[in-house]
Every structure is written in structure tokens, then in C-alpha cells.
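Novice:
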Amino acid sequence: MDRKRFAEKPELLAPAGDLARAMTAVRYGADAVYLGGPQFSLRSRASNFTLEDIAEACRFAHEHGSHVHVTVNMIPHEEDYDGLKEYLVRLQDIGVDALIIASPAVMELAGKYAPETEIHCSTQMSVTNAGAARFLYDTLKIDRVVLARECTLDDVRRITADSPVATEAFIHGGMCVSYSGRCTLSNRMTLRDANRGGCAQSCRWFYHLYDGSAEISTENSLFTMGSKDLCAVHEIAALWEAGVRSFKIEGRMKTEYYVASIVSGYRHLLDDLYEHNGILASERLEAHRREIMKGENRAVWNGFYGGVRGAEGLISDLKAGNDVNHDFLGTVADYDPAAGTMTMVTRNPFDLGEAVEVLSPGQENRVFRISEIKNENGEYLEISRQPMKELRLKVPFAVRKDDILRRSREDDH
Amino acid sequence: MTVLCSSVNSPEEARRMLAAGADEAVLALRGCCFSALTEQAPEKLKDIPAFSVLLNRLFFPSESEKVETTLAALREMPGLRFIYFSDPAVLPAAEQLGMKEKLIYRPETLLTSRADARWWQNRGIHGVSVSPLLTEQEVRDILPAARCELTMHGYLMMTVSRRPLLSAWAEYRHRDLAMKEKIFLLREEKRQEHMPVFESEAGTMIFTDFIQESFGYAGEFAAADRFYIDGTFLNEDLLADTVTAYRQIMTGADAASVSAEYMKRWGDMPFSTGYYGQKTIR
Chain A
202 MDRKRFAEKP ELLAPAGDLA RAMTAVRYGA DAVYLGGPQF SLRSRASNFT LEDIAEACRF
262 AHEHGSHVHV TVNMIPHEED YDGLKEYLVR LQDIGVDALI IASPAVMELA GKYAPETEIH
322 CSTQMSVTNA GAARFLYDTL KIDRVVLARE CTLDDVRRIT ADSPVATEAF IHGGMCVSYS
382 GRCTLSNRMT LRDANRGGCA QSCRWFYHLY DGSAEISTEN SLFTMGSKDL CAVHEIAALW
442 EAGVRSFKIE GRMKTEYYVA SIVSGYRHLL DDLYEHNGIL ASERLEAHRR EIMKGENRAV
502 WNGFYGGVRG AEGLISDLKA GNDVNHDFLG TVADYDPAAG TMTMVTRNPF DLGEAVEVLS
562 PGQENRVFRI SEIKNENGEY LEISRQPMKE LRLKVPFAVR KDDILRRSRE DDH
Chain B
42 MTVLCSSVNS PEEARRMLAA GADEAVLALR GCCFSALTEQ APEKLKDIPA FSVLLNRLFF
102 PSESEKVETT LAALREMPGL RFIYFSDPAV LPAAEQLGMK EKLIYRPETL LTSRADARWW
162 QNRGIHGVSV SPLLTEQEVR DILPAARCEL TMHGYLMMTV SRRPLLSAWA EYRHRDLAMK
222 EKIFLLREEK RQEHMPVFES EAGTMIFTDF IQESFGYAGE FAAADRFYID GTFLNEDLLA
282 DTVTAYRQIM TGADAASVSA EYMKRWGDMP FSTGYYGQKT IR
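Just so you know, the sequences run in chain order A and B. Each residue of the first sequence is one higher than the last, beginning at 202 in this note's numbering. Each residue of the second sequence is one higher than the last, beginning at 42 in this note's numbering.
#1: Can you check whether the C-beta of A321/A is within less than 7 angstroms of a C-beta belonging to chain B?
#2: Restricting to Cα atoms, I'd like to know which of R71/B, P133/B, Q162/B and L175/B is closest to P277/A.
#3: So Q253/B is in the alpha helix (DSSP H); what residue range does that whole segment cover?
#4: With a cut-off of 7 angstroms, does the C-beta of E149/B fall near any C-beta of chain A?
#5: Is the separation between the beta-carbon of E565/A and that of S609/A shorter than 7 angstroms?
#6: Kindly say whether R228/B, judged by its beta-carbon, lies nearer than 7 angstroms to any beta-carbon of chain A.
#7: Residues of chain A with CB closer than 8 angstroms to the CB of H194/B, please, in chain order.
#8: Hey, which unbroken runs of the beta strand (DSSP E) at 3 residues or more fall wholly within the stretch 394 to 462 of chain A?
#9: Beta-carbon of D283/A versus every beta-carbon of chain B: anything under 7 angstroms?
#10: Using a Cβ-Cβ cut-off of 6 angstroms (strictly less than) and excluding sequence neighbours within five positions of L280/B, which residues of its own chain qualify?
#11: Would you tell me roughly how many angstroms separate the C-alpha atoms of A226/A and A315/A, rounded to the nearest one?
#12: For R335/A, name the three-state secondary structure that DSSP assigns.
#13: Counting only beta-carbon atoms, is P237/B nearer than 7 angstroms to chain A?
#14: Is E497/A close to chain B, meaning its C-beta is less than 7 angstroms from at least one C-beta of that chain?
#15: Taking DSSP as the reference, what is the three-state secondary structure of E595/A?
#16: Considering only DSSP beta bridges, list what Q81/B is partnered with.
#17: According to the neighbour-count rule (16 or more other Cβ atoms, all chains shown, within 10 Å of its Cβ), is G496/A buried or exposed?
#18: At the 7 angstroms Cβ level, is R98/B part of the contact set with chain D, yes or no?
#19: Near Y475/A, which residues of its chain fall below 7 angstroms by C-beta distance, leaving aside the five closest residues on each side in sequence?
#20: Anything in chain A within Cβ reach of Y213/B, meaning under 7 angstroms, just list it in chain order.
#21: From this set, P133/B, A265/B and A63/B, which residue's C-alpha is nearest E179/B's C-alpha?
#22: Is the beta carbon of H321/A closer than 7 angstroms to that of A306/A?
#23: Is the number of C-beta pairs between the stretch 229 to 242 of chain A and the stretch 256 to 274 of chain A that are closer than 8 angstroms three or more?
#24: Grab the span of the alpha helix (DSSP H) containing E484/A for me, first residue to last.
#25: Keeping to the same chain, check which residues put their C-beta closer than 8 angstroms to that of F101/B; ignore five residues upstream and five downstream.
#26: Determine whether the beta carbon atoms of L606/A and G531/A lie at a separation below 7 angstroms.
#27: Given a threshold of 16 other Cβ atoms within 10 Å of its Cβ, counted over all protein chains shown, does A219/B qualify as buried or as exposed?
#28: Within 10 angstroms of its Cβ, does G563/A collect 16 or more other Cβ (buried), or is it exposed?
#29: Do you know whose CA, among L348/A, T353/A, R383/A and F529/A, lies nearest T368/A's CA?
#30: Below 8 angstroms on C-beta distance, what does Y288/A contact in chain B?
#31: Expressed to the nearest angstrom, what Euclidean distance is found between the alpha-carbon atoms of A217/A and G374/A?
#32: For I480/A, count neighbouring Cβ atoms within 10 angstroms of its own Cβ and tell me buried if that reaches 16, exposed if not.
#33: Taking Cβ-Cβ distances below 9 angstroms as the criterion, which residues of the stretch 381 to 396 of chain A are in contact with chain B?
#34: Report back the beta-carbon spacing between C400/A and S387/A to the nearest angstrom; my notes put them in contact at under 8 angstroms.
#35: Among D344/A, P239/A, F336/A and E351/A, which one has its Cα closest to the Cα of S327/A?
#36: As an exercise, report each continuous beta strand (DSSP E) stretch of at least 3 residues that is fully enclosed by the stretch 529 to 581 of chain A, in chain order.
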């Protein structure tokens with residue numbers, strides 16, 4: 202292991218579907234967030250950022266030493282160029298640090314109208330070798346390439362070693378079953394354009410499979426191709442050692458709780474690796490994995506980093522890997538140190554006596570048992586069943602506004 | 042003058058399509074192609090008088106040498122017209138061998154605007170193959186921007202995965218499936234149409250449930266540099282009739298009459314004009 206590699210921390214890049222999630226990601230340790238506006242971005246349903254929101258995200262991120270990357274990564278049709286130049290100029294003016302772009306023509310425009318802003322080649326271009334990265338650097342002066350999720354660990358090593366620009370690799374979150382940008386299942390099934398943000402995730406639907414005219418599937422064994430999510434905890438050190446500059450978490454559609462949990466988990470993992478020159482005992486690594494998985498509610502695998510595999514990376518059963526997670530109990534709205542109580546805003550049900558874990562930015566997670574619940578009238582409660590209610594709880598240590606409260610799985614080990 | 046080309050499944054089929062009216066046959070090179078069911082060794086192509094090749098895979102680091110040796114072998118073949126590619130790394134590799142002007146960028150889904158078509162054209166390659174997802178108006182708009190090829194006919198590739206999806210299904214269900222060069226069909230649970238799917242060393246490819254047909258558009262799209270017929274799942278007689286039909290229209294025959302005659306023989310196949318009349322939304 203090349204310990205010198207671990208002298209410099211890679212970027213932890215987190216998704217943000219709105220301003221609140223962008224701020225949460227930064228608070229919980231993201232070195233950069235990526236987000237999109239409604240017009241030019243690929244996740245149109247998760248791209249709610251107005252220019253004012255993006256400006257506010259930049260202000261907040263920069264105050265915290267973090268960066269903002271904006272996705273302009275649709276595959277454009279003619280009408281998609283309307284207003285694009287002005288948009289690029291504005292993004293540079295408000296201090297966006299990088300643009301994530303898939304179309305060479307849009308990259309060229311970005312180089313002209315936002316020359317101070319970095320250009321990152323989107324994973325939609327499916328770069329799978331250093332030659333492609335070099336070509337895009339030579340012709341478009343890109344600053345970074347987001348590697349295709351189909352790359353194995355060895356591919357990533359070789360591309361990063363030979364690439365003239367920094368590489369970015371996914372470490373967690375949803376995966377397309379197909380090469381990004383090369384799938385039109387959604388277009389055909391729903392007339393929603395996957396390459397312009399309308400993907401209906403038709404890969405997760407069910408299909409009858411035929412050999413000629415004979416069906417070889419049954420009602421209980423229909424064909425599906427939904428991918429498990431990526432979780433690269435065990436590959437992080439190798440990716441870091443390979444020289445990957447940025448570790449990306451997928452999930453602009455995900456909740457604030459998910460963003461906080463996953464970002465916090467990977468922040469702690471990266472910091473731990475940094476402190477130990479990239480070497481962690483397997484038990485320690487597994488503890489980080491368990492911590493990260495508390496925020497995940499889908500089945501995961503280590504993606505193509507473990508090689509090209511079949512069934513292992515797919516959700517093959519109707520119900521497998523899609524458990525609903527009810528662990529997010531709420532957020533802290535206020536803390537009263539004199540009384541040793543906090544006001545929380547509820548999300549999922551909980552009971553008196555339950556163990557609660559507090560996620561607080563920059564701190565190790567802490568656990569307490571609920572000894573007292575009061576409603577807004579000061580009445581004592583034994584259970585909480587309604588979401589978005591303000592309740593007052595006793596808490597044995599100081600908490601802060603926006604800290605996240607989740608059910609503690611004491612049997613987790 | 043628009044060139045008419047047809048992808049074929051063998052050198053023998055190539056000769057038949059050239060006789061039927063194609064200017065070029067398009068063949069897939071072994072280990073270099075996403076979209077073709079059958080792949081050929083380069084030496085099998087050397088006697089075909091006019092052919093282009095599909096080199097349209099995305100290549101991984103261990104395959105860079107294969108790209109270079111394949112290009113070098115192709116350079117020596119007098120019948121070679123063009124090389125289809127989708128991996129940007131192919132372009133500088135071809136440039137080093139003085140073959141850049143033989144390249145046609147065919148990324149299946151990624152080329153949907155005039156500006157992108159122009160950008161690729163300006164790299165000094167022969168031309169671009171535009172996405173079949175464009176509407177009739179969008180096709181008309183993009184044609185003047187570059188030397189454009191249109192996929193006029195055939196099943197359209199809908200998705201390409203690096204994963205062995207059929208094998209994965211068989212593995213999970215403990216079924217024994219022979220995959221090599223074999224077409225299966227998928228039918229979405231709530232629909233009736235069947236989509237061809239096959240698995241190769243490159244992964245799994247799924248095609249549309251319909252056969253794109255553009256007989257009525259050939260005149261309107263005459264400014265295109267090339268018309269492409271995808272013969273991957275068309276039987277040889279159907280493919281030969283298709284080639285002849287387009288050749289007739291391109292040389293002045295009435296498109297409606299040609300189409301009507303063609304449909305008399307093949308009208309039970311699932312033809313559609315695809316996305317020409319319906320725009321996909323965001």
C-alpha cells in the first residue's frame with residue numbers, strides 16, 4: 202500500500218435535491234455537493250434549484266469550505282439550448298465551482314461562457330478508458346472525468362494512472378443497469394426521455410421472458426433487471442490509493458435523512474482512513490459499513506469494482522432489498538441546556554424507553570434512551586405516532602438545531 | 042447522393058444485400074461491437090467489395106491494444122468504407138493511423154442536436170449517426186448541420202448493459218440457458234409487444250418491440266449522407282426486400298407504392314414510424 206497517497210484527502214461529493222439537503226450534506230461533512238436546476242439537468246424531478254437557491258448553496262458551502270457542482274448534464278435537443286448561454290454565465294457569476302456536463306457542444310459553450318468554472322465530464326458519457334479522457338481533455342479542456350460505473354477497480358486504477366485529468370468515481374447509491382445515457386427503455390415504455398431527466402426506471406419493472414414463442418419465465422420468476430445500489434466501503438482505500446480525486450454519492454432524489462446518514466458515515470470512514478494511512482482493521486471497516494447501512498434501505502453490492510457479475514448485483518425478487526426504513530425519528534428544533542431538554546420535530550413513530558441515536562455534524566454518534574416525552578401542552582406521552590409534531594424530550598447531553606434523531610439498533614453489531 | 046447501407050449477419054448476407062441494392066454492407070467485428078448478434082473476424086471481410094464495420098463498443102483499459110490492432114488490420118482492406126465508433130478513444134487511435142476520415146460517430150442515443158453533430162463533424166471524421174429518438178422535424182433540423190446518417194429501418198437498440206442479464210436470471214432461477222448468438226424476447230408485464238434481447242461477451246442488449254420503417258420519409262430526408270438499415274433481427278429475405286425497397290425509392294419510385302408492395306409480403310411484422318411523430322418528454 203502506498204501510504205503517501207493517503208496524505209491528501211479526496212473530495213467527498215454528495216447529492217442535493219434541494220437547498221435544505223445541500224446544507225445538510227455540507228454540515229455532515231461533504232467537501233462538495235452537486236445539484237441541478239429544473240431546465241438543463243438530468244434528474245428533472247430532483248432538480249428544484251432556482252438560481253437564487255444555487256447562489257445560497259454556494260454562499261453556504263463556501264462559508265464551510267465546501268464546493269458546489271451544478272449538473273447541466275442532459276443530452277440536449279434543439280430547444281434545450283434556449284437560455285443555456287445565459288444560464289452558464291449566471292452560474293459562473295454566482296460562484297459555482299464546477300459544471301457537470303455530458304454533451305461536448307455544451308462543454309464547448311461552458312468553456313466560452315463560464316471559463317472560470319471547472320468542467321467535469323458527466324458519467325452520461327460513459328468514459329471507460331484513459332484514451333477517452335485524454336481526447337476530451339485535448340479537445341474541450343475538461344478538468345475532471347466522472348468514470349462510468351461499469352469500470353472495475355482495476356479499470357479505475359489504470360484510467361486514473363493514465364488520465365491527464367482528475368477522476369471521480371461513484372462510491373454509493375443507485376446504479377443504472379445499463380450504461381448511463383445508452384438506455385431508452387423509459388422513452389419507449391412511457392415516452393419520458395431518460396437522457397433529459399425523465400427516466401421512469403422501467404428496468405425495475407417485470408418482464409415475461411420467451412425463447413421463441415415459448416415462455417420460459419413463470420408468474421413467480423419474471424425477468425427483471427433492477428440493480429442493487431452501490432456500496433463501496435470495502436473498496437474506498439483502493440480507490441483512494443489509485444488516486445481518484447473525488448468520491449461521489451448518488452441520490453439527488455433521496456431524503457435529507459439519507460443524505461445526512463450516508464455523508465456522515467463516509468465522512469467518518471474517510472477521516473479514519475486518513476488518520477491511519479489507509480489501513481483499517483477489517484472489524485473497524487465493517488463497523489463503518491454498518492454505520493453507513495443504517496441510512497440505506499435498499500440492497501447493496503460493491504458494483505463493478507468486484508468485477509462483472511450477474512445475479513449478485515440485481516434485485517431479482519419482487520420484495521428483496523426494498524425494505525422501508527422507519528428509523529428516522531425526527532430532527533432537533535431547539536435545545537434547552539438549563540432544563541436538559543430538546544424540542545424535536547417528529548417523523549416516524551417511537552415509544553418511551555426506546556434508544557435513540559443522535560447524528561450531529563462533526564461528532565461521533567451518541568445514544569440515549571427516551572425517559573420523558575411531552576407534547577406542546579406539556580402533557581406526558583408514552584408514544585409518538587404523528588409526523589411533523591413538535592415534542593419535548595429529555596436528553597442527557599447537548600444537542601444542536603438540525604441534529605438528526607434515529608432509532609438505535611442496539612442489536613446492530 | 043445518399044448512401045444506402047445495411048447491417049448484415051454474415052459475409053454471405055453482405056454479398057446478397059449489395060446485389061439487392063445496398064452501397065455498403067455493415068458488419069460487426071468480433072469483440073468490438075455492442076449491437077450485432079453475430080460478429081466476424083477481420084480476415085473474413087477482406088473479400089467483400091464494399092463494407093463498413095461496427096467498432097461501436099465502449100472499450101476498457103485492457104482492450105486498448107485490441108482497438109489499435111483492429112484498426113491497423115482494417116487499414117489494409119481495400120473494401121473498407123467506414124468505421125462506426127462510440128468510444129471517443131477510437132478517434133485519436135484512428136488519427137494516428139491516418140484513418141480519421143473513415144470514422145462515423147454512432148453513439149446510438151447521444152446525438153440529438155445540431156451543435157453536437159457539428160462538434161463531432163468538426164473533429165475531422167466523416168460524419169455522425171443521429172439518434173433514432175428524433176422527431177421528423179428534429180431530423181429535418183439536424184440534417185444541414187453535419188454529414189448525417191439516419192437509421193431508417195430495423196429494430197432499434199434500446200439499452201445496452203455490461204451485465205449478463207439473461208445469465209443472471211438463469212443463475213438466480215437455476216435454469217440452464219444456452220446464450221451464444223441466441224435471441225430471446227421480453228414482454229413487459231402489462232404490455233403485449235415483444236422485444237428482442239441477446240447476451241454477448243459485451244453484455245446484454247435489448248431492442249425495440251417495433252421495426253422502425255421510414256419509407257414515407259426517404260424523400261424528405263434526402264439530404265442525409267447515409268441511410269442505415271439495421272438487419273440484426275431481420276431474416277435475409279426480409280432484409281433483401283427492405284434494401285431493394287429503399288433503393289427503388291431513392292432512385293425515384295413512388296414511396297407509397299413501394300411501401301404497399303412491401304407490406305403485402307411483410308405487413309404482419311410490427312412496423313412503426315417510431316418517434317418521428319411523437320416527442321418524448323422530460
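Quick reminder that beta carbons are idealized off the backbone N, C-alpha and C, glycines included.
Specialist: Reading from the atomic positions:
#1: Indexing the first sequence from 1 puts residue 321/A at position 120. Checking the sequence, you will find His at residue 321/A rather than Ala. No - not a single Cβ of chain B is within 7 angstroms of the one on H321/A.
#2: Residue 277/A sits at position 76 when you count from the first residue of the first sequence. The shortest C-alpha separation from P277/A is found at L175/B.
#3: The residue given as residue 253/B occupies position 212 in the second sequence. No alpha helix (DSSP H) holds Q253/B; the beta strand (DSSP E) holding it covers G244 to Q253.
#4: Taking the second sequence and counting its residues from 1, one reaches residue 149/B at position 108. E149/B counts as touching chain A.
#5: In the first sequence, residue 565/A corresponds to position 364, counting from 1. In the first sequence, residue 609/A corresponds to position 408, counting from 1. In this structure, S609/A does not lie closer than 7 angstroms to E565/A by Cβ.
#6: Here residue 228/B refers to the residue found at position 187 of the second sequence. Closer than 7 angstroms: yes.
#7: Within the second sequence, the letter at position 153 stands for residue 194/B. Chain A residues near H194/B: none, gap ~17 angstroms exceeds 8 angstroms.
#8: 408 to 412, 430 to 432 and 447 to 450
#9: Position 82 of the first sequence, counted from the first residue, corresponds to residue 283/A. No, its Cβ sits nowhere closer than 7 angstroms to a Cβ of chain B.
#10: Within the second sequence, the letter at position 239 stands for residue 280/B. The answer, listed in chain order, is G272.
#11: The sequence position of residue 226/A within the first sequence is 25, counting from 1. The sequence position of residue 315/A within the first sequence is 114, counting from 1. So the alpha carbons of these two residues sit roughly 26 angstroms apart.
#12: Stepping through the first sequence from its first residue, residue 335/A is reached at position 134. Residue state, collapsed to three classes: helix.
#13: Reading the second sequence from its first residue, position 196 is the one you call residue 237/B. Not an interface residue.
#14: What you label residue 497/A is simply residue 296 of the first sequence in a count that begins at 1. It does not: the Cβ of E497/A has no partner Cβ on chain B nearer than 7 angstroms.
#15: Mapped onto the first sequence, residue 595/A falls at position 394. Note that residue 595/A is Lys in the sequence shown, not Glu. Strand at K595/A.
#16: Sequence index remark: in the second sequence, residue 81/B carries index 40 (1-based). The partner list for Q81/B (beta bridge, DSSP) reads L70/B.
#17: Locating residue 496/A in the first sequence gives position 295, where the first residue counts as 1. Result: buried.
#18: No chain D is part of this structure, whose protein chains are labelled A and B.
#19: Against the first sequence, residue 475/A aligns to sequence position 274. So the list reads F207 and K210, once near-sequence residues are dropped.
#20: Residue mapping note: residue 213/B aligns to position 172 of the second sequence, counting from 1. The answer, in chain order, is A512 and S517.
#21: By one-based count along the second sequence, residue 179/B stands at place 138. Closest option to E179/B, Cα to Cα, is A265/B.
#22: By one-based count along the first sequence, residue 306/A stands at place 105. By one-based count along the first sequence, residue 321/A stands at place 120. Not closer than 7 angstroms, so no.
#23: yes
#24: Within the first sequence, the letter at position 283 stands for residue 484/A. Segment S483 to M494, the alpha helix (DSSP H) holding E484/A.
#25: Locating residue 101/B in the second sequence gives position 60, where the first residue counts as 1. Closer than 8 angstroms at the Cβ level, and outside the excluded window around F101/B, lies no residue.
#26: The sequence position of residue 606/A within the first sequence is 405, counting from 1. The sequence position of residue 531/A within the first sequence is 330, counting from 1. Closer than 7 angstroms, so yes.
#27: Here residue 219/B refers to the residue found at position 178 when the second sequence is read from its first residue. Exposed, since its Cβ has fewer than 16 Cβ neighbours within 10 Å.
#28: Taking the first residue of the first sequence as position 1, residue 563/A is located at position 362. It counts as exposed.
#29: In the first sequence, the residue the question calls residue 368/A occupies position 167. Cα-wise, what sits closest to T368/A is L348/A.
#30: Taking the first sequence and counting its residues from 1, the one referred to as residue 288/A is at position 87. Chain B residues near Y288/A: none, gap ~15 angstroms exceeds 8 angstroms.
#31: Taking the first residue of the first sequence as position 1, residue 217/A is located at position 16. Taking the first residue of the first sequence as position 1, residue 374/A is located at position 173. If you take the alpha carbons of A217/A and G374/A, they lie about 13 angstroms apart.
#32: Within the first sequence, numbered from 1, the residue matching residue 480/A stands at position 279. Exposed, because fewer than 16 other Cβ atoms sit within 10 Å of the Cβ of I480/A.
#33: G382, R383, C384, T385, L386, S387, N388, R389, M390, T391, L392, R393, D394, A395 and N396
#34: Position 199 of the first sequence, counting from 1, holds the residue named residue 400/A. Position 186 of the first sequence, counting from 1, holds the residue named residue 387/A. Indeed, because the Cβ distance is near 5 angstroms, the residues count as touching under 8 angstroms.
#35: As a position in the first sequence, residue 327/A is number 126, starting the count at 1. With distances taken between Cα atoms, S327/A lies closest to E351/A.
#36: 529 to 537, 542 to 547, 556 to 560 and 567 to 570
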